[in-house]
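For the sequence shown, position 101 (counting from the first letter as 1) is numbered 213 according to this note's numbering, and the numbering increases by one without interruption. For glycine and all other residues, C-beta sits at the position ideal for the given N, C-alpha and C. This one's a predicted model, so the numbers in the text were calculated from it and none came from an experiment.
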Amino acid sequence: MPDVITDVNQVTPELLTKVLQTTGALPQGRVVTIEPQGLFYPTFTSSIVRLKVRYSADTPPSVPNHLLLKMARSEAHSEVLADLGRPEVAFYTTIAPAMSDSPAVDCYHALYIPDTQQFHLLLADLSETHEQTEWPVPGSYESCLRSVECLARFHAYWWDHPHLGTEIVSRPSAFALQGQLSDLQERCMAFVNFLGDRLSPERRARYDRVLTVWPELASRLATGCDVTIVHGDAHMWNFLYPRDPAIGTACLVDWQLWHISVGASDLAYMMALHWYPERRAALEKPLLRHYHRCLQEHGIRTYGWEACWRDYQWAAVRNLLLPVIQWSAKIPAAGWWPHLERAMLAFEDLGCADLLPS
Numbered sequence: 113m114p115d116v117i118t119d120v121n122q123v124t125p126e127l128l129t130k131v132l133q134t135t136g137a138l139p140q141g142r143v144v145t146i147e148p149q150g151l152f153y154p155t156f157t158s159s160i161v162r163l164k165v166r167y168s169a170d171t172p173p174s175v176p177n178h179l180l181l182k183m184a185r186s187e188a189h190s191e192v193l194a195d196l197g198r199p200e201v202a203f204y205t206t207i208a209p210a211m212s213d214s215p216a217v218d219c220y221h222a223l224y225i226p227d228t229q230q231f232h233l234l235l236a237d238l239s240e241t242h243e244q245t246e247w248p249v250p251g252s253y254e255s256c257l258r259s260v261e262c263l264a265r266f267h268a269y270w271w272d273h274p275h276l277g278t279e280i281v282s283r284p285s286a287f288a289l290q291g292q293l294s295d296l297q298e299r300c301m302a303f304v305n306f307l308g309d310r311l312s313p314e315r316r317a318r319y320d321r322v323l324t325v326w327p328e329l330a331s332r333l334a335t336g337c338d339v340t341i342v343h344g345d346a347h348m349w350n351f352l353y354p355r356d357p358a359i360g361t362a363c364l365v366d367w368q369l370w371h372i373s374v375g376a377s378d379l380a381y382m383m384a385l386h387w388y389p390e391r392r393a394a395l396e397k398p399l400l401r402h403y404h405r406c407l408q409e410h411g412i413r414t415y416g417w418e419a420c421w422r423d424y425q426w427a428a429v430r431n432l433l434l435p436v437i438q439w440s441a442k443i444p445a446a447g448w449w450p451h452l453e454r455a456m457l458a459f460e461d462l463g464c465a466d467l468l469p470s
């Protein structure tokens, strides 16, 4: 498959036969027909089409009967969003294959073209064996446990891994971190000016305080310990839960935003950014403690509970910047506006002001 796929009609039986043979998913037989079954799931950056595949009679029953084709959307909301295919393809071609038990779904082919920012992913379709929770309703407590366990297993594998800081998984340089700070300062100024009196003086001042400590927070990602690879977009609706929990574990999809950070940042994204106070008050600490126990079970025994809780608080501080980034990336207000309020409420409930200079 030498060329990037930009239209589902480019996927022919001959082409798919070669791809599945190369990956070992089709040890015998061939693809006879491919039936696109419509848009499976649209996102801000991509289109996902479900493919029904029929094979010749000599094909073993283990072959995938349905696949998902993920392609770049031509009308991305901004330049930032348009280039998210690059890290996702890198994840499926570099990070997932390095693990014996990756939480990602199987990927049969991935390609990214820098000049055009076009990409495609040919992924396993788990819709017959797994299910997602309904957006924007938060998942049940049981599904929350499965999500936390999935994250802990992934984080533990990459925890202070020797590959962090290498060409496989590069850490940000001091120059890059300074550029991030300058960029955030400009975005924050534009954001608070845009909101005007819709942002109280107290909340406006929080952004100045967060930017003051940003270099210290970011430097840990460049040189510090107790860091790992995080998903970066670990809301409940990016998890796939097995319909029969006895025969499978949760999976994670949409890996466009993976990066090096503290593991608790994925938990803060899931809970502090997306949940309202009542649910957080009931489940936040129990789930974070479950996460910490799971890390220990996976061999991370020098990372104490207090450090985990403090990392969670700092991650909740960084959550204040996410609505800024989303607004500047031209994501519709229906997405970033609720995030702003929930992030501010979590900042207050978790005592995050005590972490910042007065």
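Element boundaries [alpha helix (DSSP H), containing residue i]
| i | result |
| --- | --- |
| Gln292 | 286-307 |
| Lys130 | 125-135 |
| Phe266 | 253-270 |
| Cys420 | 417-430 |
| Leu379 | 376-382 |
| Ser440 | 433-440 |
| Val249 | Note, Val249: premise wrong, no alpha helix (DSSP H); not H, not E. |
| Asp320 | 313-335 |
| Arg198 | 197-202 |
Residue(s) in a DSSP beta bridge with residue i
| i | result |
| --- | --- |
| Tyr66 | This structure gives no information on residue 66, because the portion of the chain shown stretches from 113 to 470. |
| Pro148 | Leu163 |
| Cys363 | Leu352 |
| Ala236 | Leu179 |
| His242 | Pro354 |
| Ala445 | None, per the DSSP bridge assignment. |
| Ser158 | Ala184 |
Of the listed residues the options, nearest to residue i (C-alpha basis)
| i | options | result |
| --- | --- | --- |
| Ala137 | Glu298, Trp426, Pro172 | Pro172 |
| Gln149 | Arg162, Ile443, Lys130, Asp295 | Arg162 |
| Asp338 | Pro250, Gln408, Ala210, Asn305 | Gln408 |
| His232 | Tyr253, Ala210, Arg198 | Arg198 |
| Tyr224 | Phe203, Ser212, Ala210 | Phe203 |
| Leu395 | Arg265, Arg413, Val260 | Val260 |
| Ser158 | Val120, Gly375, Thr361, Arg318 | Val120 |
| Phe287 | Ser440, Gly344, Ala330, Ala216 | Ala330 |
| Leu296 | Val322, Arg405, Pro226, Asp423 | Val322 |
| Leu434 | Cys300, Glu126, Ala222 | Cys300 |
| Asn177 | Thr206, Thr145, Ala208, Ile207 | Thr145 |
| His273 | Leu432, Asp423, Ile207 | Ile207 |
| Thr118 | Ser174, Ala222, Gln140 | Ala222 |
| Val201 | Asp366, Leu432, Gly416, His404 | Asp366 |
Residue i - DSSP class collapsed to helix/strand/coil
| i | result |
| --- | --- |
| Gln140 | coil |
| Ile58 | There is no way to answer for residue 58, as the model of the chain reaches only from 113 to 470. |
| Ile412 | coil |
| Ile207 | helix |
| His189 | Note that His189 scores a pLDDT of 49, beneath 50, so its modelled location is shaky and nothing firm can be said. |
| His451 | helix |
| Leu395 | helix |
| His402 | helix |
| Val120 | helix |
| Ala476 | A question about residue 476 goes unanswered here, because the residues of the chain that appear run from 113 up to 470. |
| Leu385 | coil |
| Leu276 | strand |
| Ala216 | strand |
Backbone CA spacing between residue i and residue j [nearest angstrom]
| i | j | result |
| --- | --- | --- |
| Val281 | Ala169 | 43 Å |
| Pro248 | Gly447 | 11 Å |
| Thr335 | Tyr167 | 51 Å |
| Pro354 | Ser214 | 15 Å |
| Pro327 | Ser285 | 12 Å |
| Leu128 | Leu181 | 11 Å |
| Ala465 | Glu279 | 37 Å |
| Leu196 | Leu364 | 17 Å |
| His242 | Met456 | 34 Å |
| Arg310 | Phe156 | 26 Å |
| Ala428 | Leu379 | 9 Å |
| Gly411 | Pro398 | 20 Å |
| Pro450 | Ile372 | 26 Å |
| His267 | Trp421 | 16 Å |
| Leu179 | Val165 | 8 Å |
| Pro444 | Asp237 | 29 Å |
| Ala184 | Glu147 | 20 Å |
| Leu276 | Arg315 | 35 Å |
| Asn350 | Val436 | 22 Å |
| Ala264 | Pro357 | 17 Å |
| Val342 | Ala210 | 15 Å |
| His189 | Asn305 | At His189 the pLDDT is 49, less than 50, meaning the model places this residue with poor confidence; the figure from the coordinates comes in the next sentence. Looking at the two C-alpha atoms, the distance is approximately 21 Å. |
| Lys132 | Asp115 | For clarity, residue 132 is Leu in the given sequence; the question names Lys instead. Spanning the two alpha carbons is a distance of roughly 16 Å. |
| Glu460 | Pro125 | 56 Å |
| Met383 | Arg392 | 7 Å |
| Ser470 | Gly416 | 28 Å |
Start and end residues, beta strand (DSSP E) containing residue i
| i | result |
| --- | --- |
| His178 | 178-184 |
| Ile372 | 371-373 |
Distance cut-off 6 Å: residue i Cβ against heavy atoms of the ligand GTP
| i | result |
| --- | --- |
| Thr157 | With respect to small molecules bound, the structure shown includes none, and the ligand GTP cannot be examined in it. |
Interface flag, residue i vs chain C, CB-CB below 7 Å
| i | result |
| --- | --- |
| Arg166 | No chain C appears in the structure shown, which is made up of a single protein chain. |
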